[in-house]
Every structure is written in C-alpha cells, then in structure tokens.
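> Got a structure here, written out as structure tokens. Questions coming.
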Amino acid sequence: MVDFLYKFLYRSAAGLVDMVIASSLLSAGIGSIGTPWSRSLTLTGFCKLLTGFGHGATDAAGTVTVIQLWGDNSAPALHIIHMGYPFIALFVPFMAQPFLSRRPEVNGTVTPPPLTVEEAWRTSRIEQAYLIPTFVSFAVSVIFLSFHFYFSPKYQPDLMRPDFLGCFKSKKKTDPAASDPDPEVQPFWRRFLSCWSSFQGLFSPGRCVKGEPVLGSFYVVLLFLFYLVYLSGEVSLFEYLFAYSVESGLFDKDGASLVYSCFFLFFLLGRGFGGFGSHWVPVGLLIGVSLFLLQIVGIEYSVWGVNDSTVFWVLTCVAGFCCGPVFPACSAWANHYLDLTGVLVVVMFVGASFGNMIGTYATGYFFEYAGIDSMFHGHIGYMAITIAVFFTMQFSMSVLFKDRMQRAGEEDEDEEPEVEAITKV
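2 is the number of the first residue of the sequence shown in the numbering used here; add one for each residue after it.
So this is what it looks like as structure tokens:
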C-alpha cells in the first residue's frame, strides 16, 4: 500500500513527492520512539506498523526517485543509496552497547550471580538508544519539508500540484449541445467510473511491456517470486547467524557479535562493489554470479562450516559480500528491461516484505524443531528456487520474447513524416 501510494503521488503530482518522503520519515520516527515505552502488545504493534510504513515508503521513494533521475544508468546509484542499510546495521550494536544493562563486577575470587530479568530490565537504558534514529528521522523530515515549502516553489514554480479529489467534484460541461438531463453538472457515477478507469490503468500489467498485458503479467509474477524467495533465503541466513554461532558452540557471545558485524561489513563492501561494478558489468551477470556463489556457500556451510569456526567465519564474509548487490541489482534489471511502473514497484517491495516474514518464521520453526543445521538446508533450497526463477526471467527476456518486445516498441514510435521531393522546373 505504501509503495503504491508513493508511486501514485509521484506519477500524479510531482510537487508532493517531498511531502510524502517527509511524512514517511516522521511516521518512522514516531514508531521508533514509541516502541520502547509501549506497555501493551497492541501499542507495540501499532508503533511497529508506523515504523514499517515509514520504512516502506522511504525505500520505495529512494528507488523510484533514482530511476527517474538516472534512467537506464541508475544501477550504480541504486547500489549506493541501498548501502545505507548495511552501514547502519554494522554500527547498531555499537550504538546500543552503552545503554545495555551491566554485569556485576567481580570482587576477588567471588563470582556474583547473573542478573535476574527484573534487575536487567531496571538497569537497562536501551530506550535512550532509540532517540538516535528518531532524531535523525525528524531532522531529515524537516529537510524535505523545507524542500516542499521553500525550495520547490522557488526553483520550480511551474511544478503542478493538482487536487486529487478533483475527479469527484462537479464539473461544468463545455459542450452546450450535450443532451444530458442536467447540463450544468456531470453525474457522480460518471466521475466515479472515470476515476476507476484511471486506477485500472495504473495497475495494468501491460504498461510494463509496451501494452502487452499477458507478457507484462508474466514478468510481474516472476519478479514477485524472485523477491519473495530470495529475501526468504537471505533472511534465513543472517537473521539467525548470531543464534547459530552461539548455539553450535563455535563462538561465544562476543565472538558471535563480531561474526555478525563482519557479515554486514562485507555486505556493505559487496553493495559498494556492485555500485561501481554495475557501470561496466551487466546486471544480469552480476545477479547470476552472486546467486551461484551463494548456493555454493550454503553447501559449504552445511558440509564444513558447521565443524570449523575459521571456515564458518570465512564463509560468513563471502556470503555477506555476495548478498550485497543482489537486491538493488534486480531493481536495476527491471528498470533496464521493463518499463518500471507502479505495479512493478509494488510487486518488488511487497514480495520482499513477504519474503522477510516467511523466511524469518520458517527458519525459526525449523531451527527449533528440526535442529540448528536446518538453517543452511533451507538457505540452499531458497537459493535453488531463486536461481531457477532468475534463469527463467533472463532467458525469456533475452531469447523468447526479444523480437516480440521489439515489435511492440516499434509500434509506439512515431512514424517519420514523408518529405515530398521538390523538382525544379
């Protein structure tokens, strides 16, 4: 819903884009600051809903805005803006560390008992750590509000800001010869049908592939499956990485935290490499190689990584580096081969959201009831399905439908006017 809302506003009223981004950041900030002070599950869920609403809108906003600015050359910029996620994930443990509850100090040779749940809760000041992202969200929201109310009217005075409810307002007829019963007011049902037709056109899959709804629906389904399955596999790996490191006995908690930070460090490096490498390397090749390496890493995890901490550490770094470029590279792939409409933006981010939920729940279930090694078995299965889906996408785009899409594109091109030869007599 958030992705559709942003895309609809961007297509319909470019002058409101800054307001949408500012509102999304404000929503995320309110949800973040309210979460640690919630005293009921309902209030916590509402705060999480606000946070997710803001995250979804800003994520879609960044992707769509970059594509609008850079067009077919947007792959490097997409990787760069998505570097913010691993960058913050890398430093979050260090930001929260000063606010966590402290262990009792050891006096001489006497080891004090561990903290109880109540003592840990009373001595923790973790709610203060939430002030950091909240302050950043509010500050950036103010910046975008200033863009909307000051800079945009000053430097873009001709930017349209239409009335979205205008289609439901009464409109006088311009044709005096019209035979409707009421010549002054257009009927409400006609205005409603007009708005409904515009919504149908907005959601039409045929807009993705030059007016071919069947072919457009084919790629909409494939993109949804790609993001759904890939994010499930990615989440199945890094969401339970810390828990596996401790439960398997390969690392203690400090070592597991360091391994987790190394994953996101190489995740950041991989995304940066994708940002620079996608300028010369085709995004299809970049995605294919990354998925293939992730499949190999999953197999090596289940064979050698479960028994050797050094191998586990190295494989974690490789997995983070390979995961980095896939998400933004697929957005660049869709923008390169298709017309990235609001439908595709909705499909990609909704599929990614469902993948996060499914991957987290399924991996946690098997982690609990099928053993901790099932985490890597699930990752191997997810990557195998993702490779099959992406191969279908790339193969069909390169071979099966290439001529058909070219013919559809040629029909939309304006015919050159014929110039009559002038003969001098």
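Idealized CB from N, CA, C, for every residue including glycine. Predicted model only: the values in this text are computed from it and were never measured.
So for V295, helix, strand or coil by DSSP?
Reading the sequence as shown, one finds Leu at residue 295 and not Val. If DSSP states are grouped into helix, strand and coil, L295 belongs with the helices.
> Given a threshold of 16 other Cβ atoms within 10 Å of its Cβ, counted over all protein chains shown, does Y241 qualify as buried or as exposed?
When all chains shown are included, Y241 counts as buried.
> Among the candidates T364, L339, G30, whose CA atom is the shortest distance from the CA of P134?
Comparing Cα-Cα distances from P134 to each of T364, L339, G30, the minimum goes to G30.
> Could you check the C-alpha separation between Q296 and G234 for me, to the nearest Å?
Those two C-alpha atoms are separated by around 10 Å.
> Can you tell which of G285, S218, V21 has its C-alpha closest to the C-alpha of H337?
For H337, the nearest C-alpha among the options comes from G285.
> For F277, which option in Y370, P326, F227 has the closest C-alpha, if you only look at C-alpha atoms?
Of the listed residues, the one whose Cα sits closest to F277 is P326.
> Rounded to a whole number of angstroms, what is the C-alpha to C-alpha distance between L232 and F145?
Going by the C-alpha atoms only, they are around 30 Å apart.
> C48 to W281, Cα distance in whole Å?
One C-alpha to the other measures close to 43 Å.
> Whole angstroms is fine: what's the gap from F219's alpha carbon to V315's?
So the alpha carbons of these two residues sit roughly 39 Å apart.
> What separation, rounded to the nearest whole angstrom, lies between the Cα atoms of D19 and D73?
Distance between the alpha carbons of D19 and D73 is about 23 Å.
> Closer than 8 Å is the cut-off here; do at least three beta carbon pairs connect the stretch 296-305 with the stretch 374-387?
These segments touch.
> If we ignore side chains and look at the alpha-carbon of each, how far apart do G360 and G217 end up?
Taking the straight line from one Cα to the other gives about 27 Å.
> Which term fits V21, buried or exposed, when burial requires 16 or more other beta carbons within 10 angstroms of its beta carbon?
With 16 or more other Cβ atoms within 10 Å, it is buried.
> How about A78 and V67: are their beta carbons less than 8 Å apart?
Closer than 8 Å, so yes.
> Quick one: residues in its chain with C-beta nearer than 7 Å to the C-beta of A385, no 5 flanking neighbours on either side, listed in chain order?
Closer than 7 Å at Cβ, skipping near neighbours: Q296.
> Ignore the nearest five residues each way along the sequence and tell me which others in T64's own chain have a CB closer than 6 Å to its CB.
Excluding positions up to five away in sequence, the list reads S332.
> In this structure, how does DSSP classify A371 when only helix, strand and coil are distinguished?
Coil.
> Do F355 and F267 have their C-beta atoms within less than 8 Å of each other?
Contact: no.
> Taking V312 as the reference, which of A353, G352, G85, L251 has the closest Cα?
Among A353, G352, G85, L251, the Cα nearest to that of V312 is on L251.
> Can you give me the Cβ contacts of I81 inside the same chain, cut-off strictly under 6 Å, excluding the 5 residues immediately before and after it?
The residues are G276.
> Would D288 and L132 qualify as a contact pair, given that the criterion is a beta-carbon distance under 8 Å?
What sits at residue 288 in the sequence shown is Ile, not Asp. No. Outside cutoff.
> Hey, could you find the ends of the alpha helix (DSSP H) Y245 is sitting in?
Segment 242-248, the alpha helix (DSSP H) holding Y245.
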